[in-house]
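Working notes, structure below.
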Amino acid sequence: QKHKSPTLPQRLNSKIKTLELQSRVPRINLFSSIESSINTHFLSFSLRTMVQTKKKKSIVDVNIRIRPLTGNELKREDDVLALDIDCGHKRKYELGLTTPKTLNDDIEYVEILGGFKVPKSKPQRNKKYRGFAHIAKQDTNNEEFFQKSVLPLVEDVLKGKTACCFAYGHTGSGKTHTILGCGNEAGMYHEASKTMFEAMEEIKQLFVGETPKTSFDQDKDAPVIQVRFNEIYNDNVYDLLNGNQKCFVREDDERKIQIRGETITDEGGFVHSSYATKLYAKTHDELLDIVTKGIAARATGNSNVHEHSSRSHAILELEIVSQRMAEIDETIRDLEAKAIHV
Numbered sequence: 003q004k005h006k007s008p009t010l011p012q013r014l015n016s017k018i019k020t021l022e023l024q025s026r027v028p029r030i031n032l033f034s035s036i037e038s039s040i041n042t043h044f045l046s047f048s049l050r051t052m053v054q055t056k057k058k059k060s061i062v063d064v065n066i067r068i069r070p071l072t073g074n075e076l077k078r079e080d081d082v083l084a085l086d087i088d089c090g091h092k093r094k095y096e097l098g099l100t101t102p103k104t105l106n107d108d109i110e111y112v113e114i115l116g117g118f119k120v121p122k123s124k125p126q127r128n129k130k131y132r133g134f135a136h137i138a139k140q141d142t143n144n145e146e147f148f149q150k151s152v153l154p155l156v157e158d159v160l161k162g163k164t165a166c167c168f169a170y171g172h173t174g175s176g177k178t179h180t181i182l183g184c185g186n187e188a189g190m191y192h193e194a195s196k197t198m199f200e201a202m203e204e205i206k207q208l209f210v211g212e213t214p215k216t217s218f219d220q221d222k223d224a225p226v227i228q229v230r231f232n233e234i235y236n237d238n239v240y241d242l243l244n245g246n247q248k249c250f251v252r253e254d255d256e257r258k259i260q261i262r263g264e265t266i267t268d269e270g271g272f273v274h275s276s277y278a279t280k281l282y283a284k285t286h287d288e289l290l291d292i293v294t295k296g297i298a299a300r301a302t303g304n305s306n307v308h309e310h311s312s313r314s315h316a317i318l319e320l321e322i323v324s325q326r327m328a329e330i331d332e333t334i335r336d337l338e339a340k341a342i343h344v
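First residue of the sequence shown: 3, per this note's numbering; consecutive thereafter.
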């Protein structure tokens with residue numbers, strides 16, 4: 003039998019695998035902070051952090067931050083919840099919660115249809131919640147919260163792992179204050195960026211000191227942070243770094259969820275599906291400028307609970323790469339597009 007030459011898709015797949023092996027450097031998706039808003043007031047929010055490795059399953063920690071009463075709540079003379087915080091079994095925190103008594107609590111019977119009276123159920127005023135990694139009290143500032151809750155994630159990231167930070171809570175619970183910062187208090191992404199760049203600078207100096215023993219190229223191999231910033235608003239996804247251009251949530255051939263731009267077919271019949279905009283920061287200040295640009299583009303609305311409450315979910319992704327890795331990634335994308343011909 004005659005030897006059959008490989009088809010175009012086979013040749014392209016072989017080339018893609020070769021390039022992927024060349025770029026086998028830890029690629030890190032550090033921070034995915036999602037701020038959610040709903041029309042209910044609550045005292046605190048939870049920060050869920052996750053570290054994932056290839057060998058182990060995901061490990062999820064839940065950190066609680068309790069905020070102080072706001073100005074409006076103080077004017078209304080809202081009752082303060084009685085909280086009992088304890089580090090319980092296996093160094094996991096427990097939160098005991100006692101809700102204030104209301105006038106309705108003294109009602110013993112309620113009247114239903116037909117004039118019948120039935121006993122009114124008594125609310126459970128004392129509740130206990132267990133299994134938290136950390137509980138921050140009302141006087142905790144952003145820097146202290148970062149040290150306890152987010153810094154361990156950054157340290158894992160610098161070891162080559164993937165980490166995710168998810169902020170969840172009702173409108174007015176303090177998510178924006180914590181993740182993005184407020185006034186003189188830097189947010190979690192700000193503190194994470196500063197820590198990462200400090201570590202990256204130390205790593206870079208180690209390689210530079212080895213020259214010419216290593217093939218380290220200052221321009222091609224120096225670590226930088228790749229930034230993607232998207233928003234989910236009214237069930238649609240938008241690119242905050244590209245004029246709020248509409249994006250789409252799709253599943254790739256490895257069944258991983260990706261945020262992609264518009265899918266087009268070029269003149270040669272090859273299908274291209276662009277990724278969301280990626281910008282590169284070489285310094286901490288450059289990253290802050292990129293995020294500030296994205297924050298300014300966010301869609302903001304009003305709610306009955308908070309006058310300027312965000313009605314969207316912001317997703318910030320930080321990935322440690324190099325210029326060489328970014329170029330290889332672009333080449334792989336082009337080859338993958340050519341492998342899909344219609």
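For each residue, glycine too, the CB sits at the ideal point set by N, CA and C. Note that this is a predicted model, so its numbers are computed, not measured.
Rounded to whole angstroms, what's the CA-CA distance from residue i to residue j? Just pull it up for me.
i, j, result
"Y235", "A278", "16 angstroms"
"F231", "K280", "8 angstroms"
"I61", "I114", "49 angstroms"
"T72", "H274", "50 angstroms"
"C166", "E319", "9 angstroms"
"D63", "C89", "15 angstroms"
"H192", "Q247", "25 angstroms"
"T197", "V156", "8 angstroms"
"D223", "E233", "31 angstroms"
"T101", "K177", "23 angstroms"
"G174", "H315", "14 angstroms"
"V323", "I68", "36 angstroms"
"T142", "N186", "14 angstroms"
"V112", "D291", "59 angstroms"
"K161", "R257", "25 angstroms"
"I66", "F168", "12 angstroms"
"K124", "K103", "11 angstroms"
"M327", "I334", "11 angstroms"
"E332", "I181", "31 angstroms"
"T265", "F272", "10 angstroms"
"E269", "V293", "36 angstroms"
"H308", "I205", "Because H308 sits at a pLDDT of 42, beneath the cut-off of 50, its placement in the model cannot be relied upon, and the point is left open."
"E329", "D287", "24 angstroms"
"E207", "V159", "Here residue 207 is Gln; the residue named in the question, Glu, does not match the sequence. Looking at the two C-alpha atoms, the distance is approximately 19 angstroms."
"L337", "L289", "30 angstroms"
"S276", "R252", "11 angstroms"
"F33", "D86", "Residue confidence for F33 is low, a pLDDT of 38 falling below 50, so the modelled location carries little weight; the figure read from the coordinates is stated next. Using only the alpha carbons, I get a separation of about 31 angstroms."
"P154", "D107", "44 angstroms"
"Q149", "K119", "55 angstroms"
"E75", "T164", "39 angstroms"
"H172", "D254", "33 angstroms"
"G245", "A188", "25 angstroms"
"Q126", "I317", "37 angstroms"
"P70", "V82", "9 angstroms"
Look at residue i and residue j and say whether their C-beta atoms are less than 9 angstroms apart.
i, j, result
"M190", "F147", "yes"
"I259", "F250", "no"
"E110", "K122", "yes"
"Q228", "E79", "no"
"Y350", "V226", "The structure shown has nothing for residue 350, since the chain only spans 3 to 344."
"Y131", "L105", "no"
What distance in whole Å lies between the Cβ atoms of residue j and residue i, which are believed to be in contact at a cut-off of 8 angstroms?
i, j, result
"A194", "V152", "6 angstroms"
"N144", "G117", "Actually they do not touch by this definition, with Cβ atoms about 57 angstroms apart."
"Q140", "D221", "That pair is no contact at about 48 angstroms."
"T285", "F199", "7 angstroms"
Quick one: does the C-beta of residue i sit closer than 8 angstroms to a heavy atom of the ligand SAM?
i, result
"E204", "This structure simply doesn't include the ligand SAM, nor any ligand for that matter."
Can you check DSSP and say which residues form a bridge with residue i?
i, result
"I137", "I66"
"G98", "D86 and K130"
"I317", "N232"
"G183", "A188"
"H286", "Looking at the DSSP assignment, H286 forms no beta bridge with any residue, so it has no partner."
"V159", "According to DSSP, which records beta bridges pairwise, V159 is partnered with nothing at all."
"K222", "Partner(s): none; K222 has no beta bridge."
"E269", "DSSP lists no partner for E269."
"H172", "According to DSSP, H172 bridges with nothing at all."
"Q247", "D241"
"V152", "Paired residues: none, contrary to the question."
With a threshold of 9 angstroms between beta carbons, is residue i in contact with chain B?
i, result
"T142", "Reference to chain B is not applicable here, since this structure consists of a single protein chain."
Counting pairs of beta carbons, one from the segment 288-300 and one from the segment 240-260, are three or more of them closer than 8 angstroms?
yes
Counting pairs of beta carbons, one from the segment 127-142 and one from the segment 94-110, are three or more of them closer than 8 angstroms?
yes
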